[in-house]
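J.:
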Amino acid sequence: MVTRPRVILVSNDVVPGMTMPVAAPGLRVFGLAQGLAAHGVDVDVAVVQGPVDGQWRGSVPAPARAGTEIVAAGDLAAYLEARAPAVAVVTNSNQIDKLRRIEGITFVLDFFAPKMLERAYEFGQDYPADELRALRARKLRAIDLADGFIVNGRKKVPYFVAWVLQTDRDIRRIRFPVVEMCLPSSFREERPPGPLRLALAGYLQGWSRPGPWLDPLLERLVPGKVVLDVVMPVHWGQRGGEELAGPLATMLGDHPAVTVHGAMTFGEFRQFLDTVDVAVDVFGHSLEREFAMVTRSVVALASGVPVIHPYFTEVTPMIEEFDAGWVVVPGEPTTLAAALDEIISSPETVQTKAEGARALWSARLEPRKAVRPLVDLIDKLG
Numbered sequence: 128m129v130t131r132p133r134v135i136l137v138s139n140d141v142v143p144g145m146t147m148p149v150a151a152p153g154l155r156v157f158g159l160a161q162g163l164a165a166h167g168v169d170v171d172v173a174v175v176q177g178p179v180d181g182q183w184r185g186s187v188p189a190p191a192r193a194g195t196e197i198v199a200a201g202d203l204a205a206y207l208e209a210r211a212p213a214v215a216v217v218t219n220s221n222q223i224d225k226l227r228r229i230e231g232i233t234f235v236l237d238f239f240a241p242k243m244l245e246r247a248y249e250f251g252q253d254y255p256a257d258e259l260r261a262l263r264a265r266k267l268r269a270i271d272l273a274d275g276f277i278v279n280g281r282k283k284v285p286y287f288v289a290w291v292l293q294t295d296r297d298i299r300r301i302r303f304p305v306v307e308m309c310l311p312s313s314f315r316e317e318r319p320p321g322p323l324r325l326a327l328a329g330y331l332q333g334w335s336r337p338g339p340w341l342d343p344l345l346e347r348l349v350p351g352k353v354v355l356d357v358v359m360p361v362h363w364g365q366r367g368g369e370e371l372a373g374p375l376a377t378m379l380g381d382h383p384a385v386t387v388h389g390a391m392t393f394g395e396f397r398q399f400l401d402t403v404d405v406a407v408d409v410f411g412h413s414l415e416r417e418f419a420m421v422t423r424s425v426v427a428l429a430s431g432v433p434v435i436h437p438y439f440t441e442v443t444p445m446i447e448e449f450d451a452g453w454v455v456v457p458g459e460p461t462t463l464a465a466a467l468d469e470i471i472s473s474p475e476t477v478q479t480k481a482e483g484a485r486a487l488w489s490a491r492l493e494p495r496k497a498v499r500p501l502v503d504l505i506d507k508l509g
């Protein structure tokens with residue numbers, strides 16, 4: 128029997144089970160923790176306190192599930208040092224300046240998202256050169272600290288190879304195992320009665336803005352027959368939220384077939400997805416979106432909900448391989464219109480795509496399978 132070291136996952140955001148809405152970084156850590164535990168690994172999650180303080184409004188300390196601890200960023204190094212020997216998996220470079228080389232701690236850097244591209248597209252036409260300069264330096268420091276790496280998606284491997292080549296690390300000795308976004312499944316037993324229900328869900332982001340592709344969707348809504356649920360709050364850390372929320376509110380207007388919901392916990396959101404037939408996750412092309420493992424689509428697919436999705440992301444080939452949705456060209460509204468017309472006219476096709484979503488989860492998004500390359504890396508580093 129293989130004896131593996133303890134693994135500590137450092138999360139830049141709250142994780143499910145903390146009674147607060149969660150975002151992609153927290154879901155990433157949650158999925159990794161589930162997969163590692165399924166392999167018998169002793170896992171702890173350290174949630175950085177700043178994001179908790181940004182959301183929690185209770186008069187008592189924020190709750191955390193067993194195995195999760197809220198840690199002030201300035202205490203991260205001491206927290207890890209007290210738990211050595213262990214492997215610390217650090218998602219992106221956010222906390223790297225609070226860390227240092229620690230005897231008995233092996234660092235794995237999780238290349239989770241293309242943060243430089245997120246920041247580059249976050250502010251519309253304004254280019255944040257100073258912020259990008261600081262982020263670039265921070266990312267290089269993270270690479271220098273890491274003993275190993277994992278990458279969230281095959282498409283990003285060359286992107287991160289280019290990052291490592293900017294350091295003095297010996298690229299010949301570095302491997303980039305792909306550990307895709309993963310989550311436990313949540314499949315409904317049967318479809319509830321009622322109208323065909325479509326959903327727009329996920330945080331509004333500066334690098335993923337609503338656009339004119341909404342028009343053919345809204346044109347096909349019919350109260351009581353084809354309805355749209357919208358769960359698109361602005362993330363607590365997103366600057367310029369009003370600039371993002373305003374255009375979406377204008378597009379949706381007072382459409383009688385649209386229901387807008389507020390932010391939800393992850394458990395509430397999964398219950399919401401049990402009522403949804405198809406998730407609509409469409410956005411314009413950018414370099415950031417091209418390299419993104421789009422979490423909102425992953426969550427829908429792991430819930431057995433097929434998605435309408437653009438042609439260019441990390442998720443697209445999965446949808447195509449398992450026939451788990453409809454791939455469209457956002458700049459050509461006729462492709463979205465054709466997908467919507469098929470959805471409305473053919474419930475059998477929707478059911479077939481839902482079965483494809485379940486098959487996709489089983490093959491690619493199931494945590495135990497998805498984290499196998501991370502487990503192999505831990506064995507090698509140990």
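Quick note: the sequence shown uses this note's numbering, first residue 128, plus one each step. Even glycine gets a Cβ: it sits at the ideal position worked out from N, Cα and C.
Might you give, ordered along the chain, the residues of its own chain that have their beta carbon closer than 6 angstroms to the beta carbon of Ala269, omitting 5 neighbours on each side?
T.: As a working mapping, residue 269 is identified with position 142 in the sequence shown. These residues qualify, in order along the chain: Ser220, Ile223, Leu236.
J.: When we look at the beta-carbon of Glu493 and count the other beta-carbons within 10 Å, is it buried (16 or more) or exposed?
T.: Counting from 1 along the sequence shown, the entry for residue 493 is found at position 366. Classification of Glu493: buried, given that the 10 Å Cβ count is 16 or more.
J.: Who are the near neighbours of Glu447 in its chain, counting only those whose CB is closer than 8 angstroms to its CB and skipping five residues on each side?
T.: Within the sequence shown, the letter at position 320 stands for residue 447. These residues qualify, in order along the chain: Val454.
J.: Taking all protein chains shown into account, do 16 or more other C-beta atoms lie within 10 angstroms of the C-beta of Arg299, making it buried, or fewer, making it exposed?
T.: Sequence index remark: in the sequence shown, residue 299 carries index 172 (1-based). Taking all protein chains shown into account, Arg299 has fewer than 16 neighbouring C-beta atoms within 10 Å of its C-beta and is therefore exposed.
J.: Report the rounded CA-to-CA distance for Asp253 versus Val134, giving the unit in angstroms.
T.: For the purposes of this step, residue 253 is identified with residue 126 of the sequence shown, where counting begins at 1. For the purposes of this step, residue 134 is identified with residue 7 of the sequence shown, where counting begins at 1. About 40 angstroms.
J.: The alpha helix (DSSP H) spanning Glu482 covers which residue range?
T.: Residue 482 sits at position 355 when you count from the first residue of the sequence shown. Per DSSP, Glu482 belongs to the alpha helix (DSSP H) from 474 to 487.
J.: Just grab the DSSP bridge partners of His522 for me.
T.: Nothing can be reported for residue 522, as the shown portion of the chain is limited to 128 through 509.
J.: Taking Cβ to Cβ, would you say Thr218 is nearer than 7 angstroms to Asn139?
T.: In the sequence shown, the residue the question calls residue 218 occupies position 91. In the sequence shown, the residue the question calls residue 139 occupies position 12. It is a contact, given that the beta carbons lie within the stated cut-off.
J.: Would DSSP call Glu307 helix, strand or coil?
T.: Here the question's residue 307 lines up with position 180 in the sequence shown. Coil, per DSSP.
J.: Using a threshold of 7 angstroms, state whether the C-beta atoms of Val403 and Val421 are closer than that.
T.: The residue given as residue 403 occupies position 276 in the sequence shown. The residue given as residue 421 occupies position 294 in the sequence shown. Contact flag unset, no.
J.: Taking 7 angstroms as the threshold (C-beta atoms), are Val168 and Leu136 in contact?
T.: Mapped onto the sequence shown, residue 136 falls at position 9. Mapped onto the sequence shown, residue 168 falls at position 41. For Leu136 and Val168, no; Cβs fall outside 7 angstroms.
J.: Residue ranges of each beta strand (DSSP E) run of no fewer than 3 residues wholly in the stretch 315 to 393, ordered along the chain?
T.: 323 to 328, 353 to 358, 385 to 387
J.: If you compare alpha carbons, which of Arg155, Val385, Ala376 is closest to Val353?
T.: The residue given as residue 353 occupies position 226 in the sequence shown. It is Val385.
J.: Since I believe Val456 is in contact with Tyr438 (beta carbons under 8 angstroms), could you give me their beta-carbon distance rounded to a whole number of angstroms?
T.: Here the question's residue 438 lines up with position 311 in the sequence shown. Here the question's residue 456 lines up with position 329 in the sequence shown. Contact flag correct, Cβ pair sits at about 6 angstroms.
J.: Express the C-alpha separation of Trp183 and His166 in angstroms, rounding to a whole number.
T.: On the sequence shown, position 39 is the one that residue 166 refers to. On the sequence shown, position 56 is the one that residue 183 refers to. Distance between the alpha carbons of His166 and Trp183: 32 angstroms.
J.: Once DSSP output is grouped into helix, strand and coil, what is the label at Phe250?
T.: Here residue 250 refers to the residue found at position 123 when the sequence shown is read from its first residue. In this structure, Phe250 counts as coil in the three-state DSSP scheme.
J.: Of the residues Ala465, Phe239, Val305, which one's Cα is nearest the Cα of Ala150?
T.: Looking up residue 150 in the sequence shown gives position 23. Of Ala465, Phe239, Val305, the residue nearest in Cα terms is Phe239.
J.: Using the three-state DSSP reduction, which class does Thr233 fall into: helix, strand or coil?
T.: Start at 1 with the first residue of the sequence shown, and residue 233 comes out as number 106. Three-state result, Thr233: strand.
J.: What residue range is occupied by the uninterrupted beta strand (DSSP E) comprising Ile277?
T.: As a working mapping, residue 277 is identified with position 150 in the sequence shown. Note, Ile277: beta strand (DSSP E), 275 to 278.
J.: Where does Pro319 land, buried or exposed, given buried means 16+ other C-beta within 10 angstroms?
T.: Locating residue 319 in the sequence shown gives position 192, counting from the first residue. Here Pro319 is exposed, its C-beta having fewer than 16 other C-beta atoms within 10 Å.
J.: May I have the straight-line CA-CA distance separating Thr502 from Pro152, to the nearest angstrom?
T.: Within the sequence shown, residue 502 is the residue found at index 375, counting from 1. Within the sequence shown, residue 152 is the residue found at index 25, counting from 1. Just to set this straight, residue 502 is Val in the shown sequence, not Thr. Cα to Cα, Val502 sits roughly 20 angstroms from Pro152.
J.: On the DSSP letters alone, give me the boundaries of the beta strand (DSSP E) that Val217 sits inside.
T.: Numbered from its first residue, the sequence shown carries residue 217 at position 90. Unbroken beta strand (DSSP E) run through Val217: 213 to 218.
J.: For the ligand MN, any of its heavy atoms closer than 6 angstroms to the Cβ of Gly153?
T.: Summarising the ligand content, the structure contains no ligands, and the ligand MN is consequently not present.
J.: With DSSP run on the structure shown, which of helix, strand or coil describes Val175?
T.: One-based indexing of the sequence shown puts residue 175 at position 48. Correct three-state label for Val175: strand.
J.: Label Glu317 either buried or exposed according to how many other C-beta atoms from any shown protein chain fall within 10 Å of its C-beta, with 16 as the threshold for buried.
T.: Locating residue 317 in the sequence shown gives position 190, where the first residue counts as 1. Glu317 is exposed by the Cβ-count criterion.
J.: Select from Glu230, Gly144, Ala215, Thr462 the residue whose C-alpha is nearest the C-alpha of Ala189.
T.: In the sequence shown, counting from the first residue as 1, residue 189 sits at position 62. It is Gly144.
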